[in-house]
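The block underneath contains the structure these notes are about, expressed in structure tokens.
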Amino acid sequence: MPLKSSQRKLSFSTLTTLEAQSDDVTSIPRFISDPSASSSTVGDGAVLDHKKRKKRKKIKKSGNDKVADRDGEAIDRGPGFLLDKYSCTVVETYPKVVPAAEEPERRGRDCSVRTVHHSPHLRQRNVSFVAEEVTSGVTSLGSEVEGNCNGDKHNGGEIESKSFKEDEAESKLQEQQHQKPTVEMNGRKLEKEESLDWKKLMAEDPNQAYPLEKSPMKYFLEEMYAGNSLRSTITPGNEKDRERVYDTIFRLPWRCELLIDVGFFVCFDSFLSLLTIMPARITMMLYRLLKTRQFKRLSAAELSDIGCFIVLAIGVSLLQLADISWIYHMIRGQGTIKLYVVYNVLEIFDRLCQSFGGDVMQTLFNTADGLANCSVESMQEWQWRFIKDEALAVSASIVHSFILLAQGITLSTCIVAHNNALFALLVSNNFAEIKSNVFKRFSKDNIHNLTYFDAVERFHISAFLLFVLAQNILEAEGHWFKSFLYNAFVVFICEVMIDVIKHSFIAKFNDIKPESFSEFLEDLCRQTLKIQTESGKRSLVFVPLAPACLVIRVLRPVYAAHLPFSPFLWRLFWILLLAAMTFVMLSSLKLLVGMGLQKHAWWYIRRCDSRRKLHKD
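In terms of this note's numbering, the sequence shown opens at residue -17 and continues consecutively.
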């Protein structure tokens, strides 16, 4: 049994004596109780053990072994070892080994004995401050001594280290296989996805292979008894989806068409007001001026009527200078594709001029109001403003009138042509309109304005058809009226169908309810009755000056063709008679349309108010 490390204490005095006796080759046994030691070694160790026991007794009596004072640096732990208390290290103080005569024999049997050389050296090792750990440190030191043994033990250590390195390399290889492959890009490591191994996937989850093992007959029977045949692409709807379908087909087209028709009659009423109310008011103003022979400051309404009359007169005069036959033959010489392009370009400019013309007329009426109510000092400034606004209104109206004239001639060319150019124009133009509007996002206000634009467009188409009728009256021969009615019916039906389809699907894609069109119609009825709406704006903007210039320019040759070529007075009489008859006819039509609109507006507003009361109750 080996001695405990606590029993092996070697002081510095003993080391010095050993250093002094370095000339004599002496062997100091490290482990006396080693069973592999020789008999001579055991004998020498017994003598040394006897001396150590005597020295321990002396040290216990004198208390010299307690070097573990705070001022001390080391504690003697046995022969060849010093324990540092604060750094917790064991200091090996055994001397260097010198080979003795009997050393070869010992090396063959035991490597636990070393001979002392003349100069000792110190080695330190970190240990714990506990006694058992110090003991393990001494044991490890002995293993180091044994590591310097014969070649057999040394070769065994090399074999063990090689096997340890092989195990470490194998573990690293396994870790690399489990890690995802990486790619370094711009100094950053990116992980790659592993490729799908079908066999590995099937081994991990065998249930995934089940659909592949089905027979075709089994799959077909499962599909037959599984439920709805279109269940993979169409899900069952709810009550809300059903209501949306019926709204798109029935409720919304009806309300949309009702709104556009009422808007058309509002535009027609404004057109008739321009041709009947404005001339009557100007005639009354001139009569009062001639009767009183006193010039009074005009009101804002009278200044506005004078401005509109000037625009209408200049527009009709300039349109009289245009050669309709030359424009007609120039457009007729174009192909069908070019007619389609020309008509679309003119339609775009028509909408732009309609919007800009409304702003110009609002500016003119505002200036007329300022001129009627201004002071005497600023009257000259307001007069210059009125003249500038009037000139701008005349220019905008003339441009718009020529655009409408070219558009009417293009439509007339398509109707008169015998190569189905009308149908090609209607199909291409209307479906291009659907494509450009249906698949876009619209707000509620945008749909409101778009509906009013369609009402204005329908009135312009009516003006174009009147232009075609006047041209047929003047130039057509034979039975043309039936053909004209058929073509006019086709144009109107196509326009109605396109508007219904467009607004129905716009409302569907933008989640607009049919009740919204009822609200639009209520706003239009309030505008007809000149009742201020909640938004404070009248959305339907229509300037009838350009269509009026076009209609007068077209109807004037028709009237001139039916006048007698008699003396001037007789011709003048017929002119006045036809003008009076036309005025009476237009005034009667104005009364019918205006009163009908007001009656419908009152009825619809009351109906909406009563429904609101019922919902509140």
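Glycine included, each C-beta is placed from N, C-alpha and C at the ideal position.
If you check the CB distance, S379 and F449 do not come in under 9 Å. For D305, there is no enclosing alpha helix (DSSP H), since its DSSP letter is neither H nor E.
In this structure, the alpha-carbon of I288 lies about 19 Å from that of R275. Here A399 carries a coil assignment [DSSP, helix/strand/coil]. Closest option to I557, judged by alpha-carbon separation, among K572, P539, S570: P539. DSSP places G219 outside both helix and strand once states are collapsed to three, so it counts as coil. Nearest C-alpha to I416 among Q580, I480, A208: I480. Around the beta carbon of N402, fewer than 16 other beta carbons sit within 10 angstroms, so the residue counts as exposed.
Taking the Cα positions, F277 is about 7 Å away from L271. Where E497 is concerned, the enclosing alpha helix (DSSP H) starts and stops at 496 to 510. Looking at the backbone, the Cα of N492 and that of L212 are separated by about 27 Å.
Considering only P546, L374, N454, the residue with the shortest C-alpha distance to C290 is L374.
In its chain, beyond the 5 residues on either side, S379, H382, S383, L386 have a beta carbon closer than 6 Å to the beta carbon of A528.
Taking 9 Å as the cut-off, the Cβ atoms of L256 and L294 count as close. By the neighbour-count criterion, in which a residue is buried when 16 or more other Cβ atoms sit within 10 angstroms of its Cβ, Q389 is buried. The alpha carbon of K422 has as its nearest neighbour, out of R224, K490, F250, Y586, the alpha carbon of K490. Around the C-beta of T217, fewer than 16 other C-beta atoms lie within 10 Å, and the residue is accordingly described as exposed.
In this structure, V376 lies away from I319, with their beta-carbon atoms at least 9 Å apart.
In chain order, V298, L301, Q302 place their CB closer than 7 Å to the CB of R535, counting only its own chain and leaving out the 5 sequence neighbours on each side.
Going by DSSP, L212 is part of no alpha helix (DSSP H) at all; its letter is neither H nor E. Around L511, the same chain offers Q580, A583, W584, I587 as residues with beta carbons nearer than 8 Å, after the five sequence neighbours per side are excluded.
Sorting F202, Y207, L240, S197 by C-alpha distance to the C-alpha of L506 places L240 at the top. DSSP, reduced to helix, strand and coil, places R423 outside both helices and strands of the structure shown, so it counts as coil.
Around the C-beta of L467, fewer than 16 other C-beta atoms lie within 10 Å, and the residue is accordingly described as exposed. In its chain, beyond the 5 residues on either side, A406, L407, S410, N411 have a beta carbon closer than 8 Å to the beta carbon of Y322.
Here the C-alpha atom of V482 lies approximately 24 Å from the C-alpha atom of V575.
Take V438, set aside five residues on each side of it, and the residues of its chain with a beta-carbon closer than 7 Å to its own are C249, Q336, F524, in chain order. Distance between I231 and F499, taken at the CA atoms: about 15 Å. Within the same chain, Cβ atoms closer than 8 Å to the Cβ of T433 are found at C238, L241, I242, G245, H485, F499, F502, the five residues on either side in sequence being excluded. Across the structure, V420 and L254 are spaced so that their CA atoms are roughly 34 Å apart.
Excluding sequence positions up to five before and after L353, its CB lies within less than 7 Å of the CB of L285, W364, Q365, F368, all in the same chain and listed in chain order.
Approximately 11 Å separates the beta-carbon atoms of V472 and L447; this is outside 8 Å, ruling out the contact. Its chain contains V420 as the residues whose beta carbon lies nearer than 6 Å to that of F487, once the 5 sequence neighbours on both sides are disregarded; these appear in chain order. Non-local C-beta neighbours of H442 in its own chain, meaning closer than 8 Å and more than five positions away in sequence, comprise D332, L386, Q389, P529, ordered along the chain. The beta carbon of N326 sits closer than 8 Å to those of N411, A414, all from its chain and outside the five residues before and after it, given in chain order. H582: member of the alpha helix (DSSP H) spanning 550 to 598, first to last residue.
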